[in-house]
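A short write-up of the structure that comes next.
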Amino acid sequence: MRRILVGIKRVVDYNVRIRVKPDGSGVVTDGVKLSINPFDEIALEEALRIKERGGAEEVVVATVGPADCQQQLRTALAMGADRAVLVQADGVVEPLVAARALLKLVEREQPLLVILGKQAIDDDNGQTGQVLAALWNRPQATYASKLELGPSSARVTREVDAGLETLEVDLPAVVTTDLRLNEPRYVKLPDIMKAKKKPLDTVALAALGVEQRQQLKLVRFEPPPQRQKGIRVKDAAELVEALRKKGLL
Amino acid sequence: MSWKVLIVAEHDGAKLNVSTAKCVTCALGVAGAEISVAVCAVDAAAVAAQAARLAGVSGVLAVENPANQHALAAVLAPQLVALSGPFTHVLGPSTTFGKDLMARVAGLLGAAQVSDVMAIESPTRFRRPIYAGNAILTVEAAGDGKIVGTVRMASFEAAGPAATPAPVEKVAVSAQLPTHTRFVSVSAARSDRPDLQTAARVISGGRALGSAEGFKILYSLAGKLGAAVGASRAAVDAGYAPNEMQVGQTGKIIAPELYVAVGISGAIQHLTGIKDARTIVAINKDAEAPIFEVADFGLVGDLFQIIPEIERLI
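Here the protein sequences come in this chain order: A and B. For our numbering, count along the first sequence from 1 and bump the result up by 2. For our numbering, count along the second sequence from 1 and bump the result up by 142.
Below, the structure is given as structure tokens:
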């Protein structure tokens, strides 16, 4: 079966203003809205569009995290995913561990494509897709802004520093999404009801044979240094004068 | 413990990218480390010679292979893994080249990667921004395996020239290279303007520019100032500017001497990209725009009048 696996991560919502805990042990997440990482929502949307065009028959969504990530998986099912898998793990899941867990699912599900967001907006690591591709020994096409899926290969346009690069990759492959790949759909109420009946499997990380190793100790969280608030100038002439005085013009 | 750092050179086959010189400065933070640069190319001579002239570099490893015509992570990663044997650290730039490649290297090595290193506190302790720069995290690696890192470009100056160039050694690598990933094309907008990531002055436009046509007043002023031109995500999404001009969390992170934000409201994701700018100027008709919170100089008004006026005055 032509199947697409989509990896998602639950993160502090895009619109939440982040606060570091006074003791430096982390950021405040209690009572804070949690959502699907926006880049992963784009990944899911792309998978759904491929399926709707007839390029795939099934979209499976997966996450690695604590039990209550079920909520984000339900949202993904409401968006249109056919099935969901929760790989349950509490505590810190480093990209290498997430990729190892996804590799186990890849071996089980045999997808022709794995789509993930290019980075999660919480830890901004930007690694999981590439690490998975490395472990799987398959192609990676990161930062995708266009994805054309053929029978045995895909053409991916990537947003790179120089502009737009196009790669051709044999399937199966890993693709990570950039912002302009698509605009994810909104979930409608009837779809939320329907999603409740869709299958959601839970498997413990250890049951997949993946050790939850933490290679990087999180020593300290700090707020970033604040910039001094500047001054208002009244017009262009005053601005040019001020910049000249600072030696900037 | 003797530390050995391998830096992955970014280049276009002829010219070494300045990102490599910034990685060298970062690597100098690993006290007492011996620093080598790996140049993977079809013909590495020119780029290797440039890398050898960076102060702090003690050797250059040149790997020549026809498969290195284009910088494909799947092709480069096994070569770097083969080279990495004696090294404790493998560093690359936090550019799209380095971010794509280094995590694949880390995956093959089963090593931890520290993304976006902004400071090195000790050979195993690093500082990096998380949550779009709204928090700074210090991480400590166990030090029992290799450490892979990407280097945040805005945090380090480029290394200067060396008095005497370091030796260049041609290395044969016997890694098996995949053919499952093929380069098709790259479309880069040709530009005579300075490079956004290295320019001392940058002028960026937001959605308020209204159109690609509207951006012309920025190009005109930038031409007079010798500045690069950037754009907010909103402006790129709206099609007023190409993607490579985007500044912010998911675009380019820059640290110019002078940053002029024109018609940009200042979403947190945009501010992430300009935090290290020496001086920020904001021009916006909305006096309440968040960009004014971080601007050294703020000017409230109509950008279509202000920008041409500035151009006349300088």
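We treat Cβ as the ideally placed atom computed from N, Cα and C, and that holds for glycine. Note that the structure is predicted; figures quoted are calculated from it, not measured.
Among the options, which has the Cα closest to the Cα of residue i?
{"i": "Thr-167 (chain B)", "options": "B:Pro-398, B:Ala-186, B:Ala-197", "result": "B:Ala-197"}
{"i": "Thr-486 (chain B)", "options": "B:Ala-261, B:Ser-178, B:Ala-219", "result": "This structure leaves residue 486 (chain B) out entirely; chain B is present only between 143 and 456."}
{"i": "Val-221 (chain A)", "options": "A:Asp-25, A:Leu-7, A:Ile-20, A:Val-13", "result": "A:Asp-25"}
{"i": "Val-95 (chain A)", "options": "A:Gln-129, A:Glu-111, A:Leu-114", "result": "A:Gln-129"}
{"i": "Ala-123 (chain B)", "options": "B:Arg-294, B:Ile-345, B:Glu-282", "result": "Lying before the first or after the last residue shown, residue 123 (chain B) is absent from chain B, which here runs from 143 to 456."}
{"i": "Met-387 (chain B)", "options": "B:Leu-360, B:Val-217, B:Ser-316", "result": "B:Leu-360"}
{"i": "Ala-64 (chain A)", "options": "A:Ala-238, A:Glu-240, A:Asp-203", "result": "A:Asp-203"}
{"i": "Val-235 (chain A)", "options": "B:Val-259, B:Val-344, B:Ala-424", "result": "B:Ala-424"}
{"i": "Ala-254 (chain B)", "options": "B:Phe-325, B:Gly-291, B:Ile-395", "result": "B:Gly-291"}
{"i": "Gly-440 (chain B)", "options": "B:Phe-446, B:Val-402, B:Ile-416, B:Ala-180", "result": "B:Val-402"}
{"i": "Val-171 (chain A)", "options": "B:Gly-302, B:Arg-324, B:Ala-300, B:Gly-285", "result": "B:Arg-324"}
{"i": "Gly-131 (chain A)", "options": "A:Met-3, A:Arg-4, A:Gly-9", "result": "A:Gly-9"}
{"i": "Val-202 (chain B)", "options": "B:Ser-362, B:Thr-162, B:Ser-407", "result": "B:Thr-162"}
{"i": "Thr-340 (chain B)", "options": "B:Ile-396, B:Ala-180, B:Ser-329, B:Lys-288", "result": "B:Ile-396"}
{"i": "Phe-357 (chain B)", "options": "B:Ala-342, B:Val-404, B:Pro-398, B:Gly-390", "result": "B:Val-404"}
{"i": "Ile-233 (chain A)", "options": "B:Lys-366, B:Asp-444, B:Ile-433", "result": "B:Ile-433"}
{"i": "Pro-153 (chain B)", "options": "B:Ile-422, B:Ala-188, B:Gln-318, B:Leu-319", "result": "According to the sequence shown, residue 153 (chain B) is His rather than Pro. The candidate whose alpha carbon is nearest that of His-153 (chain B) is B:Ala-188."}
{"i": "Lys-146 (chain B)", "options": "B:Gly-352, B:Ala-190, B:Ala-169, B:Ala-213", "result": "B:Ala-169"}
{"i": "Asn-276 (chain B)", "options": "A:Asn-17, A:Glu-213, A:Pro-192", "result": "A:Asn-17"}
{"i": "Arg-85 (chain A)", "options": "A:Gly-93, A:Leu-75, A:Asp-92", "result": "A:Leu-75"}
{"i": "Val-99 (chain A)", "options": "A:Thr-178, A:Glu-213, A:Leu-245", "result": "A:Glu-213"}
{"i": "Pro-466 (chain B)", "options": "B:Thr-421, B:Lys-288, B:Leu-455, B:Ile-448", "result": "In the structure displayed, chain B extends from 143 to 456; residue 466 (chain B) sits before or after that span and is not available."}
Give the interface partners of residue i over in chain B, defined as CB-CB distance under 7 Å, in chain order.
{"i": "Lys-248 (chain A)", "result": "Thr-421"}
{"i": "Tyr-188 (chain A)", "result": "What Tyr-188 (chain A) touches in chain B: nothing, since even the nearest Cβ is about 18 Å away."}
{"i": "Ile-20 (chain A)", "result": "Tyr-273, Asn-276, Ala-277"}
{"i": "Glu-239 (chain A)", "result": "In the sequence as displayed, the identity of residue 239 (chain A) is Ala instead of Glu. Those within 7 Å of Ala-239 (chain A) in chain B are Leu-455."}
{"i": "Gly-165 (chain A)", "result": "Val-328, Ser-329, Ala-330, Ala-331, Pro-384, Glu-386"}
{"i": "Arg-229 (chain A)", "result": "Val-436"}
{"i": "Val-29 (chain A)", "result": "Tyr-273, Ala-277"}
Assuming residue i is part of the alpha helix (DSSP H), what are its boundary residues?
{"i": "Ile-449 (chain B)", "result": "445 to 455"}
{"i": "Ile-433 (chain B)", "result": "433 to 436"}
{"i": "Thr-414 (chain B)", "result": "410 to 414"}
{"i": "Gly-252 (chain B)", "result": "Here Gly-252 (chain B) belongs to no alpha helix (DSSP H), and DSSP marks it neither H nor E."}
{"i": "Ala-239 (chain A)", "result": "238 to 247"}
{"i": "Lys-106 (chain A)", "result": "97 to 111"}
{"i": "Thr-130 (chain A)", "result": "130 to 138"}
{"i": "Pro-220 (chain B)", "result": "215 to 225"}
List, in chain order, every chain A residue whose beta-carbon is nearer than 8 Å to that of residue i.
{"i": "Arg-267 (chain B)", "result": "Val-221"}
{"i": "Arg-246 (chain B)", "result": "Gln-132, Val-133, Ala-135, Ala-136, Gln-142"}
{"i": "Ile-452 (chain B)", "result": "Ala-238, Leu-241, Val-242"}
Give me the chain B residues within the contact set of residue i, using Cβ-Cβ distance strictly less than 9 Å, ordered along the chain.
{"i": "Pro-226 (chain A)", "result": "Pro-271, Gly-275, Asn-276, Ala-277, Ile-278, Lys-417"}
{"i": "Arg-157 (chain A)", "result": "Val-326"}
{"i": "Ala-206 (chain A)", "result": "Result: empty, since nearest Cβ-Cβ is about 22 Å, beyond 9 Å."}
Would you kindly report the start and end of the unbroken beta strand (DSSP E) that includes residue i?
{"i": "Thr-421 (chain B)", "result": "421 to 426"}
{"i": "Thr-237 (chain B)", "result": "Premise fails: Thr-237 (chain B) is in no beta strand (DSSP E) and is neither H nor E."}
{"i": "Asp-172 (chain A)", "result": "165 to 172"}
{"i": "Gly-9 (chain A)", "result": "5 to 9"}
{"i": "Arg-12 (chain A)", "result": "12 to 14"}
{"i": "Gln-142 (chain A)", "result": "142 to 151"}
{"i": "Ala-261 (chain B)", "result": "261 to 264"}
{"i": "Phe-101 (chain B)", "result": "For chain B, the structure presents residues 143 to 456; residue 101 (chain B) sits outside this window and is missing."}
{"i": "Glu-161 (chain A)", "result": "155 to 162"}
{"i": "Phe-439 (chain B)", "result": "439 to 442"}
{"i": "Gly-119 (chain A)", "result": "115 to 119"}
{"i": "Leu-203 (chain B)", "result": "201 to 206"}
{"i": "Ile-233 (chain A)", "result": "233 to 235"}
List the residues of chain A that residue i touches, going by C-beta distances under 9 Å, in chain order.
{"i": "Ala-121 (chain B)", "result": "No statement about residue 121 (chain B) is possible, as the shown extent of chain B runs from 143 to 456 and does not include it."}
{"i": "Lys-241 (chain B)", "result": "Lys-120, Gln-121, Gly-128, Gln-129, Gln-132, Thr-144, Tyr-145"}
{"i": "Leu-441 (chain B)", "result": "Arg-234, Val-235, Lys-236, Asp-237, Ala-238, Glu-240, Leu-241"}
Residues of chain B with CB under 8 Å from residue i, in chain order?
{"i": "Ser-147 (chain A)", "result": "Asn-385"}
{"i": "Ile-44 (chain A)", "result": "Those do not exist, as Ile-44 (chain A) stays about 11 Å from chain B at its closest Cβ, beyond 8 Å."}
For residue i, return the contacting residues in chain A, with the cut-off set at a CB-CB distance below 7 Å.
{"i": "Ala-437 (chain B)", "result": "Gly-232"}
{"i": "Leu-250 (chain B)", "result": "Ala-136"}
For the ligand NAD, any of its heavy atoms closer than 6 Å to the Cβ of residue i?
{"i": "Val-344 (chain B)", "result": "Looking for the ligand NAD in the displayed structure turns up nothing, as the structure carries no ligands at all."}
> Whole alpha helix (DSSP H) runs in the segment 336 to 400 of chain B with 4 or more residues, listed along the chain?
Replying inline: 358 to 367, 375 to 379
>> Counting only Cβ-Cβ distances shorter than 9 Å, please list the residues of the segment 103 to 131 of chain A near chain B, keeping chain order.
In response: Those residues of the segment 103 to 131 of chain A that come within reach of chain B (Cβ to Cβ, closer than 9 Å) are Lys-120, Gln-121, Ile-123, Asp-124, Asp-125, Asp-126, Asn-127, Gly-128, Gln-129, Thr-130, Gly-131.
> Which of the residues in the segment 316 to 336 of chain B, read from start to end, lie with their CB under 9 Å from any CB of chain A?
Replying inline: Pro-320, Thr-321, His-322, Thr-323, Arg-324, Phe-325, Val-326, Ser-327, Val-328, Ser-329, Ala-330, Ala-331
>> So within the segment 275 to 332 of chain B, which uninterrupted beta strand (DSSP E) runs reach at least 3 residues, ignoring any that extend past its ends?
In response: If only complete runs of 3 or more residues are kept, the segment 275 to 332 of chain B shows the beta strand (DSSP E) at 277 to 283, 289 to 293, 310 to 312, 323 to 329, in order along the chain.
> In the segment 193 to 226 of chain A, which residue ranges form an unbroken beta strand (DSSP E) of at least 3 residues, counting only runs that do not cross its ends?
Replying inline: 202 to 206, 218 to 224
> What beta strand (DSSP E) runs, 3 residues minimum, are completely inside the segment 144 to 187 of chain B?
Replying inline: 146 to 150, 176 to 183
> Along the segment 69 to 97 of chain A, what residues have a CB closer than 9 Å to any CB found in chain B?
Replying inline: Glu-96, Pro-97
> Residues in the segment 168 to 179 of chain A with C-beta within 7 Å of chain B's C-beta atoms, listed in sequence order?
Replying inline: Thr-168, Leu-169, Glu-170, Val-171, Asp-172
>> Quick check on the DSSP output: what are the complete beta strand (DSSP E) runs of length 3 or more inside the segment 29 to 87 of chain A, in order along the chain?
In response: The segment 29 to 87 of chain A contains these whole beta strand (DSSP E) runs: 36 to 38, 60 to 67.
>> Closer than 8 Å between beta carbons: that is the criterion. Which residues of the segment 368 to 399 of chain B meet it against chain A?
In response: Result list: Arg-375, Val-378, Asp-379, Pro-384, Asn-385, Glu-386, Gln-391, Thr-392, Lys-394, Glu-399.
>> Taking beta-carbon pairs under 8 Å, can you tell me which members of the segment 252 to 267 of chain B lie near chain A?
In response: Gly-252, Ala-253, Ala-254, Gln-255, Val-256, Ser-257, Asp-258, Arg-267
>> Residues of the segment 199 to 222 of chain B in Cβ contact with chain A at a cutoff of 8 Å, in chain order, please.
In response: When CB distances to chain A are screened at a threshold of 8 Å, the residues of the segment 199 to 222 of chain B falling below it are Leu-214, Ala-215, Ala-216, Ala-219, in chain order.
>> Closer than 8 Å between beta carbons: that is the criterion. Which residues of the segment 151 to 175 of chain B meet it against chain A?
In response: none
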